Structures are given as C-alpha cells and as structure tokens.
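Taking it in order: structure first as structure tokens, then the write-up.
Protein chains: 2
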Amino acid sequence: MEPDRKTSTDVHDSLERVIDLLHRHDAPVASSMDASGAPNPTPEDTARRQKILEELRVLLDPLHPADVAYILEALPLVQRLVVWDLVKADRDGEILLEVSDAVRETLIEHMDDQELVAATGQLEADEIADLAPDLPSEVIENVFKLLPPEEREQLREAMSYPEGTVGALMDFDMVQIREDVTLEVVLRYLRRLDELPDHTDQLFVVDRAEQLKGLVPVNRLLVTDPDVVVGDVMTRDYVKFNADDDAADAAAAFERYDLVSAPVVDDAGALVGRMTVNAVVDFMREKTDSEMLTAGGLREDEDLFASVWKSVQNRWAWLAINLITAFAASRVIGIFEGSIGKLVALAALMPIIAGIGGNSGNQTITMIVRALALGQITRENARKLFTKELCVSALNGLIWGGVVGIFAFLIYHNWQLGLVMMLAMVLNLLLAASMGVLIPMAMDKLGRDPAVGASVMITAITDSGGFFIFLGLATLFLV
Amino acid sequence: MEPDRKTSTDVHDSLERVIDLLHRHDAPVASSMDASGAPNPTPEDTARRQKILEELRVLLDPLHPADVAYILEALPLVQRLVVWDLVKADRDGEILLEVSDAVRETLIEHMDDQELVAATGQLEADEIADLAPDLPSEVIENVFKLLPPEEREQLREAMSYPEGTVGALMDFDMVQIREDVTLEVVLRYLRRLDELPDHTDQLFVVDRAEQLKGLVPVNRLLVTDPDVVVGDVMTRDYVKFNADDDAADAAAAFERYDLVSAPVVDDAGALVGRMTVNAVVDFMREKTDSEMLTAGGLREDEDLFASVWKSVQNRWAWLAINLITAFAASRVIGIFEGSIGKLVALAALMPIIAGIGGNSGNQTITMIVRALALGQITRENARKLFTKELCVSALNGLIWGGVVGIFAFLIYHNWQLGLVMMLAMVLNLLLAASMGVLIPMAMDKLGRDPAVGASVMITAITDSGGFFIFLGLATLFLV
C-alpha cells in the first residue's frame, strides 16, 4: 500500500519555487581558471550548489507524482533533467506514467536500460502496457521476465488491445467474490486485504468459470445485514463493457450513468478487467487535447520546449496541406487575371467572399461533427439538417451579401459590382452549407474521423469556390 | 432510494426504435373528410395510433433519464414534444437536468408553472440550483416555499455561487461523523441509513462547529478493526476545496489525484458541501463542448433542430466580426490597387502569403493557449518561448517561402517576383509568431480567456499584415 502523498491544489507555487531554486543553482559562479583554461569552481560554490540541490530534493520529495510530472512539463530540457535526476528512483515509473508523450520521450532518452527496467518494474501490468510503446524492446523483454506469472499474463492481455478500445484502458484491480457466501464472509475476506484497490466502489460476483454474475456496491455492504447472502443483494442489471468496445462509447456511458467503475468482460462473458472513472477522465482529457491540437494544425502533442527543428517537423504537414490549397486558389484567380486587369477592384473585394464562406462553412461543420460524435444523425435527420443549413445560409447570404454589396457600392460607386458581390455571397454560402453537411457525413460513412481534416477541406472549397464564383460572375456581367 | 434503472450502452438502438415508432405514428392515415372539410381519422386509425404511443411508452419507461435526454436531443421539435408528453411525470426533473440548455428551453416552454414546480420538487437542492436560471421566477419562488427548511438553506447557498466556481458544482450529500467514536459506532450509524449517497467513497469527520478535521475512506472502514477510533484511522492530509475556488482548478486536481469525491469548505474551514467526480466529468464535457463551439464560430450550444431564424441569430455575431476584419483586409489591398493594375499576378499570389501566415499563427496560438491553461507559463518561460517561436517561424518562412517563390517563378517567369514572395512569407510568419505569443499572453494578463477570440485576432492580423507586406514589397521593388 502507498503512503498518503502530500497533495496540493497550489502546484503553481511549487513550480515557481522550483524555478527559483534552479535559477540560483545555475547562476554564474566566481571561479578561477585551472591550467587547461576550464572554469574551476571554488569549493564554496560547489558546496552552495549542493545545498540548493538538497533544498530542491526536500521540496520535490513529498509531492504527488502527478505534481512532479507537471513541474517537469513546465521546465526547459536542461533544467528538466536536473529535476529528473533528483526525483527518487523509486518513483520514476509513476512519474513517467503521468507526463505527456512528448516529455516522456525526453526523459526516457536520458535513462539507461537498467534504470528503465527498475522504473517499469514498480508498476502494475496495465500501467506497464501504457508505457510499453515508448520503451526499447529489450527493456520490455526484461520487465516481462521479471514479472510473476499472473501479472505477465495480464501484461500480455493489456498489450493485445489496440489504442482506443476499452481493453487498452482497463486495469486488473478487481475484488471478486462468490454468489453463495454471506456478506459476513465477504467482510472477513476484505479485512484480510491490507487495503482495497483505488476506486473500488463495487465487488464483482463471478462463478468458478470466471463468468460475471452480478455486482455488489461496496456501500451496500455497509448498510446491509451481514447474514444476507451475496446472491440476494447483488445487482443483476448493470453496465458492463466488452474489452473490444470503443473507449469513447464507454466514456460516454460513464458520463451518462455517473459510474465510478465498471466490469469488462470478454466475448464469452468472463470477467477480464475493470474500467475506472479516473481512466475515463484521463482519456477524455487526452482526446480533447489532441482534438484541440489537430484543430490548431499541430500533428501531435508538442513539448513546450521542443527544439526548433522538432517543432518545425511537427508543424510542416499542416502548412504543406494548406500551401497546396492556397496554390489551387491562386490558380483559380490566375484564370481571371484578364478581368482583374480591367477592374482592379475585384482583387480587393474577392477575399471577402472567400473568407465569409469559410467561416459560415465551419459553423455548419462544427454543428454536424458534434451531432455525429453524439450519434444524433439518422437518415431522416440528415435530410432535415441539410435543408435547414441551406435555409440558414440563404438567409445569411442575403443579409451579409447585402452588407458587402453596399460596402462595394460605397467605395467603388458601381451598383452592378454591388449586385455581383451580393449574388456571389449567397452562392458561396450555399456551397459552404452543402459541403459543410456533406463532407463530415461522407467522412463518417467512410469510417474516417470527421473532426480531422473536414475544416481544411471546407476552407479549401470555399476559398477556391468563392474566388471562382465571384470572379466568374464579374467576368460575365461586369467586364 | 432510487430503483435500479435499466442502463444501456446501445442507446443508439433505442433512438432508432423511437424514430421508427414515431414515423409509423405520423404516417398519413386513411381518413374521411367531415362536413367542415377537416380530415376525420377513422376510429381504426385513432386506435392504431394509440397503440403505437403505448409501445413508445413501454420502450421509454425503463430507460435511464440520461438516455431519454439523449433521445430528446436527437428529435425534431414536434416529435420531441410527443416523446416528452409520454415520459412519466415523476421523471421530468431528472430529464431536464440531463438535456442541453438549448433543448431544455424548448421543453420548459411547453410546460405550465404547475408542471414545472412538480418536476423541480423531486430534485435535490444543488440540482434545483442548476435548473434555476432557466425557470420562471414564480416557479422558483413556489419551489422555494415547498422545500423543508434545511434544503431551502442549501438551495440559497447553492444559488449564491457564480457559474464556474466549486460552489456551483458541489452537492450536499455528505455523510458526517465525529472523531471520538469507534468504527463500530460508525458502521451502526451507516446501517440505519437506507443507502449511502452516490459516490460516497469517504466520510467527513467534523467537530461540533462543523470544522472539517479529516476524512475516512469507506474502503478503510471495511478493512479496519471495528474497535478502532475514527481519529486514529482518519486521513489528515487530503485535498479540499474552497467554495469560491475556480471549478477548472478543482477539475484539474480531480484529474491529477484521481479523486472520486472531495470536501468543500468555506473561508472559516467549515464543511459546506462536497464535489464528486461525476460533476467534474460533466463540467469537463461542457467546457470542451463550449470551446469547440466557440472555435467553430457558434455563440452557444445550438439545438440541432433550432429554427432557421434562431440559428441565424446564433451565428451572426461571428460572421459580423469576420466581415469587419475582411473589410479591413480589403481596404489594405485597395491601397495597392495601382500596383495590382500594373502587375496582375500580385492578385493571384497575395492570398498565399496571407493564408499560410494565418495557419502558422494559429499553430503558435494553440501551443500558447494550451500552456497558459495548464499554468506552465512563467516570466522566464515566456521569454524562451517567444524566441523559440520566432526561430521556428524564420525557418518555416525560409522553407515555405522558398517553395512559394519557386512556384511564382515557374508560373510568371519573374525571379524578382519569386524573391519578393519569399521575403514576404518570412516577414509574415515572423509577424504571426510574435502576435501568436503576445496576443494570448496579453489577454491572459488582462483576465480574458485567451481561448476565445485569439484565433480571430491572429487571422485578421496575418491577413491584413500579409497583404500589406507582400503588396508593399512588390510596390517598392517590382512596379
């Protein structure tokens, strides 16, 4: 059992103090040169630095692993490694679990295989499985050999489920009981355990073949007469997951039914693990995080202090895609250079049509992606939504098209130009609405995540489409 | 105590079945015209419809309130109200709690005051407080009068905390015990309760003045000798929140320390409520949702089947803001109409510079907003990040500027034009990087949420700035 760790909601304060100490540790020191010209710190300086490191250790030691992880994330690489060296070796594993993938990579790079085996060895099977993708394969093999047979089997099991499934999120800390014993027996059994696993809000009732028969909420144990038999108090109607289920669906069920833990079974109905709300919370956070990064055009979680070169790599794919769509839009304009040469105002006005089209299309896509994620789109709903979005766009097109038409007329004193602006706006918004509904629905049908890429596609279409519609109409009617 | 509700991970199936039944219910019926010309359904049709509604009721009745809420969200207004009428009156309150704000509005609109008072009356004080903003004030007053004094006090308390604080999320379902009794006494006390409140993973130890002294995990009750005194097993080092604390900080603490529940105290240290992980999960989901909607340009949660006019209203603010920035960019181009008239290629190339600048700026902003949200930005980090982002942009500018320069040269066979493109790209990306760091940091300093609006601002700057830099350089060197 783990001792109570000091926890704190003021982890910012700890961070500030760590930074302050590191600053004093790294401050330039009075030093003499030795014969070879290298700086040679005086004994007083060495002692002073040692004392600061000791202070740091005292500060870090009582912190929760999640708080140490937080501090590591917020430090530039060199200072991060100073702190990492100070953290007691017996907590390496827990801290590695808590840091982000990008920062974990920087820490693992600075550990040798032996340290990694030691760090991983402290963890439970499901936790080792979480770290496994980032560890060298020799380390995994060594850890594997050192595990007791039961945990080895669990590790094999945990590693066999792909990311995004319930199996990849489950743990093995289940308390299992039999149907035909009294609560008194159960209570005696529990008392023999030193402590129940975290998040044990229910015990799992299984038969000899490991088939799940029911659940007994821990709280029901407390309020029920101890002479009652398990079978008489257990819940038979409960939420359970299959290890192959989609983790996002399971998370939604946790949210809907306010679960703390839930059993995980295999295809044969045998209990294989459990899922807890803390795994769900972590999963939700990671999912949100990665969606936010993708929406912002970052490929993956970027270490705040990644090298310039790493950052460039993380960002190039997005810029390249956008460059291609920008080139396409540029060539569309190129077709109409003759018209622009005759009426230069077109060049100044065309980005308005393209830009508002992109905004409006993204509004539609946001609605549809959300509804898809919630599973609210049925065949009938789809038709209704399509009509609705077209109506919204037509109305918006008339309103905002009118505004930009007046803008164009006021500046260029050309009412035909104003009318063309308005017409182009209506058409581009209708294009945006139909693509805003169709693109995410098509991606969903094809099994692709509509949250990724739909926004780039709609912007590409409303840019090139907007330029084409506006300049095309202008060529027909104005020049 | 609540009976076990049927829960299901296949709520999509229920939705499909509901839609199917509603479809059959609404199908055109054979009807004769009565004297006034209104359709007059035959008695068989009326009976058939009645039977379908009965089937619907049987389907809906065992569903968890959250699942009913889910189905209501996915139905167009008319069908939504048919289902709403069928749901048993004693569950109205729970379902209202589960639906989104936009859908709740449509449901409340179709209930009279008496129904609303009855629906709200079933709920606990903290839940009533959640609904309160959407209810007519007469209803709130009536509910208030009907509550027992203790709950009335709780409702007053819950309604006194602004949204986004711990106080607004907490509930009052706490089990409180005294320090000087044995676990045996505690167990006897618990057995007298019919059932413990949901998410009771720990009991709160308070003195006569309601001062919080410690916590006893429920699981420790099970594994400890009943003769031990509470004071000897209770945890004295634990996470607690103040009712005025920021809810987001509290949610982060739940995530870091894997909490299921935590006590909430007032400034004097007296226990006033507790926060549970299910409130945290709901809070996280709502926050993510609203961030996603804001990022997509929607003002607030939009009912999927809102009327066209409501949708137009929900979307106009964003379009108006973007129209203003587009007008500004258009006027920047207007300054250089003379140059474009002389070299029309500029019109075709300028959107490339502006567009890539916007993408790059949004990448920087995404990084910084995330780091700010995690509290990882210190004064020293800020300087380092600023330098890093400038370096990344300079490198990206050279790479992608080179690519667009070559593109321009290949199409227009003008190497000076290519050089101007490249230079403009470098400068616009440097502008994007510096603004991408400065805008969110400044907003954060001013106490504004940097996640909202920063993206619009950076795009406006890189658009107008990109046009100005490119056309300005072209005017200087090319025409």
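So the sequences go chain by chain: A and B.
Be aware that the first sequence starts at 102, since it is given in the numbering used here, and climbs by one per residue.
Be aware that the second sequence starts at 102, since it is given in the numbering used here, and climbs by one per residue.
Backbone N, C-alpha and C define an ideal beta-carbon position, used for all residues, glycine too.
Nothing here was measured: the structure is a model prediction, and the numbers come from that model.
In the structure shown, B:Thr147 falls within a helical segment according to DSSP collapsed to helix, strand and coil.
Excluding its 5 nearest sequence neighbours in each direction, A:Tyr339 has C-beta neighbours in its own chain below 6 Å: Leu316, listed in chain order.
Interface flag for B:Arg279 against chain A is unset, since no Cβ pair is found closer than 8 Å. With a threshold of 16 other beta carbon atoms within 10 Å, A:Gly519 meets it and is buried. Contacts with chain A at 8 Å (Cβ-Cβ) include B:Thr301. Between B:Ser115 and B:Leu160, the C-beta gap is smaller than 8 Å, which places the two residues in contact.
Looking at the DSSP output, A:Asn343 sits in a beta bridge with A:Val366. With distances taken between CA atoms, A:Ile512 lies nearest to B:Phe428 out of B:Phe428, B:Ser565, B:Val580. Scanning chain B for C-beta atoms nearer than 9 Å to the C-beta of A:Leu182 yields nothing, as the closest lies near 16 Å away. Close partners of A:Ala430 in chain B (Cβ separation under 7 Å): Pro452. Looking at the DSSP output, B:Leu511 sits in no beta bridge, so it has no partner there. Of all alpha-carbon atoms in A:Met544, A:Ala483, A:Gly456, A:Lys152, the one lying nearest the alpha-carbon of A:Ala533 is that of A:Gly456.
About 6 Å separates the beta carbons of A:Val287 and A:Val331, which is inside the 8 Å limit, making them a contact pair. Residue-level contact by beta carbon holds for B:Trp501 and chain A, with a gap shorter than 8 Å.
One thing to note: A:Ile559 has its Cβ within 8 Å of the Cβ of A:Ile466. Our two residues, B:Val183 and B:Glu155, have alpha carbons roughly 12 Å apart in a direct line.
Residues of the region 379 to 396 of chain A with a Cβ closer than 8 Å to any Cβ of chain B, in chain order: Asn379, Val381, Val382, Asp383, Met385, Arg386, Thr389, Asp390, Glu392, Met393, Leu394, Ala396.
The beta carbon of B:Asn243 is closer than 8 Å to those of Asp214, Val218 in its chain, skipping five residues each way along the sequence. Not flagged as an interface residue toward chain B: A:His514, since no C-beta distance is shorter than 8 Å. Counting of Cβ neighbours within 10 angstroms places B:Glu392 among the buried residues, the total reaching 16 or more. If the five residues before and after A:Phe355 are omitted, its C-beta is found closer than 8 Å to the C-beta atoms of Ala363, Met376, Val378, Val381, all from its own chain and listed in chain order. In the three-state reduction of the DSSP assignment, B:Lys546 falls in the helix class. Shown here for B:Met260: same chain residues with a beta carbon closer than 8 Å to its own, the five before and five after excluded, namely Ala230, Ala233 in chain order. Rounded to the nearest angstrom, the gap between the Cα atoms of B:Val112 and B:Met523 is 55 Å. Counting C-beta atoms within 10 angstroms of its own C-beta, B:Gln414 has fewer than 16 neighbours from the protein chains shown and is therefore classed as exposed.
In the three-state reduction of the DSSP assignment, A:Gly398 falls in the coil class.
Just measuring C-alpha positions, the residue of B:Asp346, B:Thr389, B:Asp383 sitting nearest B:Asp368 is B:Asp346. With respect to chain A, the C-beta atom of B:Leu539 has no partner C-beta closer than 8 Å.
Within chain A, no C-beta atom comes less than 9 Å from the C-beta of B:Asn529; the nearest is roughly 12 Å away. Contact of A:Pro177 with chain B by beta-carbon distance below 8 Å involves Asn482, Lys485. In this structure, B:Leu372 sits away from B:Glu280, with a CB-CB distance that is not shorter than 8 Å. Residues of the same chain with a CB within less than 6 Å of the CB of A:Arg125, apart from the 5 flanking positions on each side, are Ile153 in chain order.
Per DSSP, A:Thr377 is one residue of the beta strand (DSSP E) stretching across 372 to 377. At a cut-off of 8 Å, the C-beta of A:Ala348 has no neighbouring C-beta in chain B. For A:Ile425, the number of other beta carbons within 10 angstroms of its own is below 16, and it is reported as exposed.
Against chain B, the CB of A:Phe355 has a partner CB under 8 Å away; the residue lies at that interface.
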